[in-house]
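Residue numbers (UniProt numbering): 9 to 378. Even glycine gets a Cβ: it sits at the ideal position worked out from N, Cα and C. Worksheet for the structure shown next.
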Amino acid sequence: KPSARETAFTPFQLMLLSLMVVQNCAVVLLGRYSQAGVAAEDKFSVKTLVALTEAMKLFACVTLIGIDNIRELNPSRSDSYLPDMPLYRLITLMPSAVGTEISKILANPKNSMAVSPPAALYLFQNNILYLALENLSAPVFQVCYQSKLVTTAIVSVLLLNRKYEKIQWISLVLLGIGVSVVVLGEQDNSEGDGGPKDQNLTVGLIAVGLASLSSAFAGVYFEKVVKGKNSGSNGKPTSLWVRNVELAFFSLVFSFVFGIFSEMFATNSAGDLKSEVPAKPILHGFTATTYALIFLQAGGGLLVAAIVKYIDNVVKGLATGVAVVVSTTFSCLFLGTEVKYQFALGGITILASVWAFSNHEKVAKILRDR
Ligand code: C5P
């Protein structure tokens, strides 16, 4: 059984985690900037944004698969990462390189099915999160959703036989509390936007609880798949980018089926079957900032995948905690967000818990020597 050892990250892992902190901050800051002063009717559709992000991720993964395969098809060049290949040659080689990989995927559908459970869970999670947001005020939602730090660790113990020390469990709980304190401090500043009107607290709490469980199971299941020895038709472990394409494929299939069902049973507020509402153009409200957000979110999805493969889901949670501190600091410096004493309190709690989680043996020694 892997034991809970002192966590020393390699430079590559630190680079992934730092990129995730930067990505999280950039999304928060750009998200705020893009919403500032925009009238409700001019806002872009979140559904379109999510769909375009998925499409962008898919495009990026297919390109990465192509690049990997071109290297394989040209072994003489395999030691250089294609820098000397002219762009036109790269583009002309791409279709056959991608095609080869797709035929490998199709030749072994059972191997691809491995990612169908996380795909279904992510879809469930992304939808139930909307239900939670509709029924809870933003601060209550944010605070409750921090529970995923602990649910992820519990599921990692159950599915991956991980072992965490008492200090690490306490650090995770404290991290969640620290993030909650920072978020609550910020919400105080932006009071006035209130919560949605017809809220049902019980429905909201159940929804956020289910989303937290789903996030944990989806993340850890995906981790198990990408770290496992599951191999493709050529006997080699399936690459991370292929796994992402498979994940996107199943997400699309499930969301298509789900979309058909929800359309069939959709009702309007009067309870009648939905009537035709004049639709806005699909890219209504999209600006350069929105496209930048899509780019960043897609990059974020790929970073999540890489962090899950090369580190783990629990450490990913620590990185998002650090991102909350960094983004609030930037927001305060550049967007004029006022911070109160809560930020200092929550920020210190976050950073201390991340440190304690990674250095739990040192903390245990300090506590013993006291
Ligand atoms: O809240 P949580 O950390 O579970 O969210 C993870 C997000 O990362 C989900 O929105 C999921 O769609 C995305 N993801 C991804 N590619 C992966 C794994 C997760 O885009 N391989």
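Would you kindly work out how many angstroms separate the C-alpha atoms of residue i and residue j, rounded to a whole number?
i: ALA59; j: TYR229; result: 23 Å
i: ASN252; j: LEU129; result: 15 Å
i: MET23; j: LEU57; result: 27 Å
i: ALA360; j: SER124; result: 37 Å
i: GLY329; j: THR100; result: 43 Å
i: VAL211; j: GLY217; result: 10 Å
i: GLU142; j: LYS156; result: 19 Å
i: ALA63; j: LYS373; result: 49 Å
i: THR61; j: VAL312; result: 14 Å
i: LEU183; j: MET272; result: 42 Å
i: ASP201; j: VAL181; result: Here the model assigns ASP201 a pLDDT of 48, short of 50, so the residue's position is not dependable and the matter cannot be decided.
i: GLU194; j: LEU139; result: 23 Å
i: GLY161; j: VAL362; result: For clarity, residue 161 is Ala in the given sequence; the question names Gly instead. Going from the Cα of ALA161 to the Cα of VAL362 covers about 14 Å.
i: PHE262; j: LEU131; result: 8 Å
i: LEU192; j: LYS65; result: 32 Å
i: SER88; j: SER111; result: Model confidence at SER88 stands at a pLDDT of 47, short of 50, so the residue's coordinates are unreliable and nothing is read from them.
i: LEU291; j: ASP50; result: 11 Å
i: VAL234; j: TYR349; result: 42 Å
i: GLN154; j: SER26; result: 21 Å
i: VAL148; j: ALA352; result: 20 Å
i: SER366; j: PHE269; result: 45 Å
i: LYS174; j: VAL250; result: 37 Å
i: LYS370; j: GLY355; result: 21 Å
i: SER256; j: ALA127; result: It should be pointed out that residue 256 corresponds to Ala in this sequence rather than to Ser. Whole-angstrom Cα-Cα distance: 7 Å.
i: PRO19; j: VAL265; result: 43 Å
i: ASN116; j: PRO94; result: 33 Å
i: ALA226; j: ILE113; result: 22 Å
i: LYS118; j: ALA306; result: 27 Å
i: GLN176; j: ALA327; result: 15 Å
i: GLU254; j: ALA224; result: 20 Å
i: ILE136; j: LEU213; result: 11 Å
So which of the options has the shortest CA-CA distance to residue i?
i: SER104; options: ILE73, PRO94, ILE136, PHE132; result: ILE73
i: CYS340; options: VAL190, ILE214, SER179; result: VAL190
i: ILE47; options: THR160, GLY293, GLY307; result: Checking the displayed sequence, the identity of residue 47 turns out to be Ala instead of Ile. Checked all of THR160, GLY293, GLY307; the closest Cα to ALA47 is GLY293.
i: MET102; options: LEU131, PHE132, MET93, THR71; result: THR71
i: PHE303; options: GLN21, GLU49, PHE67, ILE315; result: PHE67
i: LEU37; options: THR345, ASN367, LYS373, VAL362; result: THR345
i: THR298; options: LYS244, SER120, SER42, SER220; result: SER42
i: ARG40; options: SER220, ALA300, LEU180, PHE17; result: ALA300
i: LEU144; options: ALA215, THR295, GLU254; result: ALA215
i: VAL332; options: ASP377, GLU254, GLN31, ALA16; result: GLN31
i: PHE338; options: VAL29, VAL158, GLY236, LEU326; result: VAL29
i: THR165; options: ASN321, VAL334, LYS370, LEU326; result: What sits at residue 165 in the sequence shown is Val, not Thr. If we check each option's Cα against that of VAL165, ASN321 comes out closest.
i: MET121; options: THR246, ASN169, SER220; result: THR246
i: GLN133; options: LEU114, LEU221, ASN169; result: LEU221
i: ILE75; options: PHE264, ASP206, GLU109; result: GLU109
i: residue 454; options: SER188, LEU168, VAL163, VAL158; result: Absent from the model: residue 454. The displayed extent of the chain is 9 to 378, so no value can be given.
Alpha helix (DSSP H) containing residue i: first to last residue?
i: residue 7; result: Absent from the structure is residue 7, since the part of the chain shown begins at 9 and ends at 378.
i: GLN305; result: 296-318
i: SER335; result: 321-342
i: ARG376; result: 368-377
i: ALA128; result: 124-143
i: ALA146; result: 146-153
i: THR345; result: Counting along the chain, THR345 falls outside any alpha helix (DSSP H), and DSSP gives it neither H nor E.
Please report whether the beta-carbon of residue i lies at a distance below 8 Å from any beta-carbon of chain C.
i: PRO103; result: This model lacks chain C altogether, as it is built from one protein chain only.
Taking DSSP as the reference, what is the three-state secondary structure of residue i?
i: GLY289; result: Note that residue 289 corresponds to Pro in the displayed sequence, not to Gly. Note: PRO289 maps to coil in three-state DSSP.
i: VAL362; result: helix
i: PRO94; result: coil
i: GLN176; result: helix
i: ARG170; result: coil
i: TYR52; result: The amino acid occupying residue 52 in the given sequence is Phe; Tyr does not appear at that position. PHE52 falls in the coil class under three-state DSSP.
i: ASP76; result: helix
i: ALA47; result: coil
i: PHE257; result: helix
i: ASN252; result: helix
i: ILE110; result: helix
i: GLN207; result: coil
i: ALA16; result: coil
i: MET28; result: helix
i: MET23; result: helix
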